[in-house]
Ligand code: AVJ
């Protein structure tokens, strides 16, 4: 069972793929419908957050990363600028695999540091947003002529390796606090999947948004998900557009409002779409689903971590923490890990 957004998501894995490794269109539609039916049948209705990222959703997310309130991107960029050159010089990776590649601003910091020590490298961006990924790959090829770019259009939680060899050492990067979309248990599965593809000389680089603390209030954290301009609200509602367009659903976007809050007990931000009034959604092959006024659909979890929880996740996934850096305010951290020497938590010890 695939775990995403903290909830098991119904359905098996995609097997038939198109030219760029994408599931065939009909298959994606079937998957969307299955996820919709399953999510709307749960006591707490939910939709998998990976469906935010069509072209429009990816663009909205890019706008979020530029917002004053949304500090994670800025802080991560700063940390990468400060530490990537040292790490790249020490590791000199021949391959950079980036999971959840996005618009690749942070990628450029990594690539700049990388090509400075090793001009000819393989870059493998992995992301579900196919069109976006192709655009980004095209731009990177133009800007880094010595770089070989092989984009992989797929869910980052699917197993590695890709169907081509990776030159070692490889650096696997999961940045942008993408790990937040996975609850700790699912995060272990994700990291372990990557670990299974890692050679002893490889490293894993993780960017994680941190829990509130002395230099970071719960309010500042919540503001990052409730921006004044309403870009996050638009991003949130975009998931309904995706289901309407790609699965033939009939969500009334006007009937839902954005809500995001920090759940202290769970250590995570939750994003919901709350029905302003009773509304009904229909979709092919699904009995109409009535949503009461005030009822919500959870669209995303964004788990917040700390050094202890990250160390545990690495351990359980068969990795060991080698470096940890965070900003002065303790808002965001980068963690670097290698494969555990004793193999503890490796593929054999997981059930
Ligand atoms: C892409 C999962 C890191 O959780 O902060 C931003 C997505 N959602 N604003 C996050 C997001 C709302 C983002 N991640």
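Residue numbers (the numbering used here): 48 to 398.
Cβ atoms here follow ideal geometry from the backbone N, Cα and C, with glycine treated the same way.
Let me know if residue i comes out buried or exposed under the rule of 16 or more other beta-carbons within 10 Å of its beta-carbon.
i           : result
residue 319 : buried
residue 133 : exposed
residue 365 : buried
residue 193 : exposed
residue 177 : buried
residue 108 : buried
residue 87  : buried
residue 301 : exposed
residue 210 : exposed
residue 53  : The pLDDT assigned to residue 53 is 37, lower than 50, so where the model puts this residue is not dependable, and the model offers no usable value.
residue 234 : buried
residue 96  : buried
residue 327 : exposed
residue 341 : exposed
residue 92  : buried
residue 232 : exposed
residue 55  : Here residue 55 scores only 34 on pLDDT, less than 50, and its place in the model should not be relied on; the value that follows carries that caveat. By the 10 Å Cβ count, residue 55 comes out exposed.
residue 265 : exposed
residue 338 : buried
residue 312 : exposed
residue 310 : exposed
residue 125 : exposed
Return yes when the C-beta of residue i is under 7 angstroms from any heavy atom of the ligand AVJ, and no when it is not.
i           : result
residue 282 : yes
residue 245 : no
residue 272 : yes
residue 123 : no
residue 360 : no
residue 204 : no
residue 223 : yes
residue 347 : yes
residue 231 : no
residue 111 : yes
residue 129 : no
residue 285 : no
residue 154 : no
residue 279 : yes
residue 119 : yes
residue 412 : Limits of the chain in this structure are 48 at one end and 398 at the other, which puts residue 412 out of reach.
residue 135 : no
Quick one: residues in its chain with C-beta nearer than 6 angstroms to the C-beta of residue i, no 5 flanking neighbours on either side, listed in chain order?
i           : result
residue 306 : 319, 321
residue 291 : 298
residue 274 : 114, 116
residue 65  : Only weak support exists for where residue 65 lies, its pLDDT of 47 falling under 50; the value from the coordinates is given anyway. Same-chain partners within the cutoff: 71.
residue 237 : 204, 229
residue 352 : 255
Looking only at its chain, what residues have a beta carbon closer than 7 angstroms to the beta carbon of residue i, apart from the 5 residues adjacent to it on each side?
i           : result
residue 76  : 293, 294
residue 180 : 148, 172, 174, 198, 200
residue 408 : What is shown of the chain runs 48 to 398, which leaves residue 408 out entirely.
residue 344 : 92, 93, 94, 319, 320
Whose C-beta lies closer than 8 angstroms to the C-beta of residue i among residues of the same chain, with five residues either side of it excluded?
i           : result
residue 195 : 167, 168, 169, 170
residue 164 : 135, 136, 139
residue 377 : 257, 260, 261, 262, 263
residue 83  : 94, 290, 294, 296, 330, 333
- Query: With a cut-off of 8 angstroms, do at least 3 Cβ pairs link the segment 177 to 194 to the segment 301 to 317?
  - Reply: Not touching, per the Cβ criterion.
*Between the segment 275 to 291 and the segment 245 to 252, do at least 3 Cβ pairs fall closer than 8 angstroms?*
Contact between the segment 275 to 291 and the segment 245 to 252 is absent: fewer than 3 CB-CB pairs across the two stretches fall below 8 angstroms.
**OP:** Examine the Cβ distances between the segment 109 to 121 and the segment 266 to 273 and report whether three or more of them are shorter than 8 angstroms.
**Re:** Note that the segment 109 to 121 touches the segment 266 to 273; at least 3 beta-carbon pairs, one per stretch, sit closer than 8 angstroms.
Original post:
Quick check: the segment 253 to 265 against the segment 90 to 105, are there 3 or more CB pairs under 8 angstroms?
Top reply: By the criterion of at least three beta-carbon pairs nearer than 8 angstroms, the segment 253 to 265 is not in contact with the segment 90 to 105.
Below 8 angstroms, can you find three or more Cβ-Cβ pairs linking the segment 219 to 232 to the segment 348 to 360?
-> Taking 8 angstroms as the limit for Cβ pairs, the verdict is that the segment 348 to 360 does touch the segment 219 to 232.
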